[in-house]
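What follows is a set of notes on a single structure, which appears directly below.
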Amino acid sequence: MTRQFPKGFLWGGATAANQYEGGWNEGGKGMSVSDCARHHLDVDVQDYKAQNAVTSKDIEDALKSTDDSLYPKRHASDGYHHYKEDIKMFAEMGFKVYRMSIAWSRIFPHGDDTEPNEEGLKFYDDVFDECIKYGIEPLVTMSHYEPPIHLTLNYDGWASREVIDMFVRYVEVICERYKNKVKYWLTFNEVDSMIRHPYTTGGLIEDRFPDRNFTEVIFQAMHHQFVASALATKICHEKIPGSMVGCMLTKLTYYPYTCKPEDVLQAQQDMRSTYCYSDTQVFGEYPAYLLAKFRNEGLNIQMEKDDLNIMKKYPVDFVSFSYYMSSCSAKSVEGLDTAVGNTITAVKNPYLPASDWGWQIDPIGLRISMVDLYDRYRKPLFIVENGLGAKDELIDGTVDDQYRINYFDVHFKEMLNAIEIDGVECLGYTSWGCIDIVSESTKQMSKRYGFIYVDCDDLGNGTYKRYPKKSFYWYKKVIETNGACL
Ligand code: BGP
């Protein structure tokens with residue numbers, strides 16, 4: 006019997022303004038944290054820490070620099086000028102949904118401006134109109150590594166409570182403006198990523214807090230985002246009846262490296278480290294084990310009287326997540342290889358292949374993740390990031406990316422198993438970087454995820470012309486047949 010995805014399943018792709026748009030100083034846009042993040046082509050791509058270390062001096066240099074080739078997110082895929090042809094190509098593939106983000110600094114260039122920037126608002130009106138023209142539903146992330154840099158320099162980013170009010174004002178403006186165009190929203194991309202890259206997620210720079218425990222600063226900033234997220238959910242529901250708001254987490258499945266109880270315990274604890282943020286946003290309260298962590302590590306998180314009530318009152322409607330890999334947890338064995346080269350350092354699983362960047366490829370892990378999340382929350386899921394970062398070669402105007410097709414093929418089959426056999430409710434799937442964009446961890450263009458190739462190198466040289474890869478036609482078929490061709 007032919008198997009298919011449920012009717013109305015939202016197939017599509019995802020990008021984020023900071024990695025796709027470019028146009029960093031056009032249309033009245035202010036500078037964001039990402040516009041100041043440089044690549045380090047001389048540093049080993051596996052050395053994620055060195056790739057992403059940010060000091061105050063780096064930002065000073067970035068603000069002065071006119072050499073955009075060092076700051077790839079300033080040009081990115083130049084979606085700012087190409088979005089019409091890109092959306093047309095998405096439509097050709099049959100996209101039902103396009104996940105994108107709004108750059109906060111296009112709407113409020115400094116974050117604390119009194120009036121929004123009309124040109125920025127108009128830009129997204131045009132983008133949404135283009136989607137709607139083709140019957141593509143926009144799914145919008147309100148904040149995807151895009152805080153205005155002004156907030157870092159003048160308020161210490163999300164460490165400051167005042168930033169909640171600025172974000173709320175931004176959300177009020179975008180929800181009011183786009184209420185007839187956007188139904189699906191996500192508040193913060195990978196809210197947990199504050200731990201791994203506090204600069205791009207929260208606008209935090211460690212050396213600006215010489216007298217404080219930086220872990221405490223990170224959790225304080227995250228607390229502010231939880232409150233802001235709940236308030237954003239409230240605003241969305243009030244302004245846009247029928248709208249759906251999701252949280253967004255980095256989903257990793259952890260396997261015990263052996264069946265020794267200490268490894269199983271370690272895996273359980275590692276799993277909790279991925280759940281604790283979605284627990285907070287779905288149940289509307291901090292899980293006991295996170296509060297215990299605050300206590301045990303002496304992290305003193307300032308919460309105002311009403312914060313917990315707000316979080317409780319406005320939980321999310323659905324659970325979205327990124328899934329790229331699984332990992333192993335080992336307590337009993339020492340000296341194991343690690344799979345590094347990414348935002349998440351993991352113990353290598355000897356049974357799994359890995360991408361060129363060491364990300365372990367595990368389609369069954371996706372099914373396990375879906376089942377775990379659905380069992381835990383009983384809320385609809387949305388897979389909003391997944392895909393294979395690879396070094397593609399453009400030959401004769403196309404890329405023969407059979408490796409990417411193979412990757413998607415096995416992942417889609419496991420998704421279908423989760424839906425059909427395990428009874429998981431899943432609203433849709435948006436592959437990450439459906440058109441090539443700048444990678445977050447490496448800040449390089451040459452780690453590509455797209456069905457569409459963008460002719461541009463790590464330094465921003467190229468024609469920026471778009472070329473459909475082999476996977477473009479394959480994905481089109483998957484969507485057309487709603488998975489029956491798999
Ligand atoms: C997620 C981020 C994305 C994206 C993706 C792939 O963590 O939400 O912004 O970049 O990972 O990561 P990378 O670009 O480092 O390959």
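Count along the sequence shown from 1, add 5, and you get the number used in the numbering used here.
Note that beta-carbon positions come from the ideal geometry of N, C-alpha and C, so glycine has one too.
Are there 16 or more other CB atoms within 10 angstroms of the CB of residue i, so buried, or fewer, so exposed?
i      : result
Leu257 : buried
Ser39  : buried
Asn354 : buried
Val145 : buried
Ala226 : buried
Asp212 : exposed
Gly346 : For Gly346, the pLDDT reaches just 48, beneath the cut-off of 50, and the residue's location in the model is therefore unreliable, although a value from the coordinates is still provided. Looking at its Cβ environment, which holds 16 or more other Cβ atoms inside 10 Å, Gly346 is buried.
Ser446 : buried
Tyr408 : exposed
Cys264 : exposed
Met98  : buried
Pro266 : exposed
His498 : Residue 498 is absent from the model: the chain starts at 6 and stops at 491.
Thr238 : buried
Leu492 : Missing from the structure shown is residue 492; the chain here goes from 6 to 491 and no further.
Ala367 : Going by the sequence as given, residue 367 is Asp instead of Ala. Result: buried.
Pro215 : exposed
His86  : exposed
Leu236 : buried
Leu357 : buried
Thr468 : exposed
Gln274 : exposed
Arg300 : exposed
Lys452 : buried
Val352 : buried
Thr71  : exposed
Per the DSSP calculation, residue i is bridged to which residue(s)?
i      : result
Ala164 : According to DSSP, Ala164 bridges with nothing at all.
Ala395 : Arg453
Arg104 : Ala19 and Leu144
Val415 : Paired residue(s): none; Val415 is not in a bridge.
Gly251 : Leu191 and Phe323
Thr71  : Answer is none; Thr71 lacks a bridge partner.
Val459 : Arg471
Lys256 : Tyr328
Ser37  : Pro153
Thr403 : Ile400
Pro246 : Beta-bridge pairing links Pro246 to no other residue.
Ile440 : Ile457
Pro261 : Ser334
Please state whether the Cβ-Cβ distance between residue i and residue j is less than 7 Å.
i      : j      : result
Ser74  : Gly465 : yes
Val321 : Tyr379 : no
Met276 : Tyr259 : yes
Gly32  : Phe128 : yes
Val376 : Asp441 : no
His202 : His155 : no
Thr285 : Phe231 : yes
Glu142 : Val176 : no
Ile245 : Ile179 : no
Ser61  : Ile210 : yes
Ser5   : Met253 : The structure shown does not extend to residue 5, since the chain spans only 6 to 491, so no value can be given for it.
Gly207 : Gly140 : no
His80  : Gly35  : no
Trp364 : Ile410 : no
Phe113 : Gly251 : no
Glu65  : Ile92  : no
Met105 : Thr20  : yes
Gln271 : Ser334 : yes
Would you kindly report the start and end of the unbroken beta strand (DSSP E) that includes residue i?
i      : result
Ser436 : Cys431 to Trp437
Pro473 : Arg471 to Pro473
Quick one: does the C-beta of residue i sit closer than 6 Å to a heavy atom of the ligand NAD?
i      : result
Glu181 : Absent from the structure shown: the ligand NAD. Ligands present: the ligand BGP.
Start and end of the alpha helix (DSSP H) containing residue i?
i      : result
Trp109 : Trp109 to Ile112
Met98  : Gly84 to Met98
Cys136 : Glu123 to Lys138
Phe288 : Pro266 to Phe288
Asn487 : Where Asn487 is concerned, there is no enclosing alpha helix (DSSP H), given that its DSSP letter is neither H nor E.
Asn305 : Asn305 -> no alpha helix (DSSP H), and no H or E assigned at all.
Gln56  : Tyr53 to Asn57
Going residue by residue through the region 315-389, where are the continuous beta strand (DSSP E) segments of at least 3 residues, counting only ones entirely within it? 323-334
Quick one: which unbroken alpha helix (DSSP H) runs of 4-plus residues sit fully inside the region 179-233? Chain order, please. 203-207
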